[in-house]
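The numbering used here puts the first residue of the sequence shown at 369, with every later residue one more than the last. By construction, the Cβ of each residue, glycine as well, lies at the ideal position given by its N, Cα and C atoms. None of the values given here were measured: they were computed from a predicted structure. To keep things clear, I will list the structure first and then write my remarks on it.
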Amino acid sequence: MPTWTGAWSEAEAESYLAEATVPIRLACRTPAGGLWMLSLWYRYEDGTLHCATGADADIVRYLDATPDVAFEISDNRPPYKGVRGAGTATIEPDEDKALLERLLIRYLDGTDNELATWLLDAGREEVRIRIEPSKLYTWDFTERMADVTTEE
Numbered sequence: 369m370p371t372w373t374g375a376w377s378e379a380e381a382e383s384y385l386a387e388a389t390v391p392i393r394l395a396c397r398t399p400a401g402g403l404w405m406l407s408l409w410y411r412y413e414d415g416t417l418h419c420a421t422g423a424d425a426d427i428v429r430y431l432d433a434t435p436d437v438a439f440e441i442s443d444n445r446p447p448y449k450g451v452r453g454a455g456t457a458t459i460e461p462d463e464d465k466a467l468l469e470r471l472l473i474r475y476l477d478g479t480d481n482e483l484a485t486w487l488l489d490a491g492r493e494e495v496r497i498r499i500e501p502s503k504l505y506t507w508d509f510t511e512r513m514a515d516v517t518t519e520e
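Here you go:
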């Protein structure tokens, strides 16, 4: 079980993770010891974060070498709020591309677009990245940014 700290209760944080449709910013180490960060679509279920990417993506090789990660899922517009944390990633095939298809529906409202057609192509190998959080921290600047508004 991960450790939760910060502005929200565990239930509030889990609700945010389930509903937010911003990418996860995922950080890891390269095999040479450098730092790497990228953004991926994610799903939160059963206390874990699930991402999909091409099997030949650099991140797959990096996580195979060192599975420790840090991440942030946060709003891109004021008032800022979100969840950040650390954990361990594992990689497995997404042979039927079921996770990828669910992510396309979550982020693009469906698979009837050129990006989905390209990503779901039978010749493209896909993997799942499963992140098991060990520490989670939440923040919410809604109160301190009450006078800040953004146009949608």
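Between which two residues does the beta strand (DSSP E) harbouring residue i extend?
| i | result |
| --- | --- |
| Asp436 | Asp436 to Ser442 |
| Ala454 | Lys449 to Pro461 |
| Leu394 | Ile392 to Arg397 |
| Arg411 | Tyr410 to Glu413 |
Can you give me the Cβ contacts of residue i inside the same chain, cut-off strictly under 7 Å, excluding the 5 residues immediately before and after it?
| i | result |
| --- | --- |
| Leu385 | Tyr412, Ile441 and Val451 |
May I ask you to list the residues that DSSP assigns as paired with residue i?
| i | result |
| --- | --- |
| Glu387 | Beta-bridge pairing links Glu387 to no other residue. |
| Arg498 | His418 and Thr458 |
In chain order, what residues of the same chain lie with their CB nearer than 6 Å to the CB of residue i, ignoring the 5 residues before and after it?
| i | result |
| --- | --- |
| Leu417 | Tyr410 and Ile499 |
| Ser407 | Pro391 and Arg393 |
For the alpha helix (DSSP H) that residue i lies in, which residues bound it at each end?
| i | result |
| --- | --- |
| Glu469 | Ala466 to Leu476 |
My guess is that residue i and residue j are in contact by the Cβ rule of under 8 Å, so how many angstroms apart are they, rounded?
| i | j | result |
| --- | --- | --- |
| Tyr430 | Pro461 | At roughly 18 Å, the Cβ-Cβ gap does not stay under 8 Å, so Tyr430 and Pro461 are not in contact. |
| Thr506 | Ala425 | At roughly 29 Å, the Cβ-Cβ gap does not stay under 8 Å, so Thr506 and Ala425 are not in contact. |
Near residue i, what residues of its chain come up, given a Cβ to Cβ distance below 8 Å and the 5 sequence neighbours on each side ignored?
| i | result |
| --- | --- |
| Ile473 | Thr479 |
| Thr371 | Ser502, Lys503 and Leu504 |
For residue i, which option in the options has the closest C-alpha, if you only look at C-alpha atoms?
| i | options | result |
| --- | --- | --- |
| Ala438 | Arg397, Arg445, Asp477 and Gly415 | Arg397 |
| Glu382 | Ile459, Gly491 and Asp414 | Asp414 |
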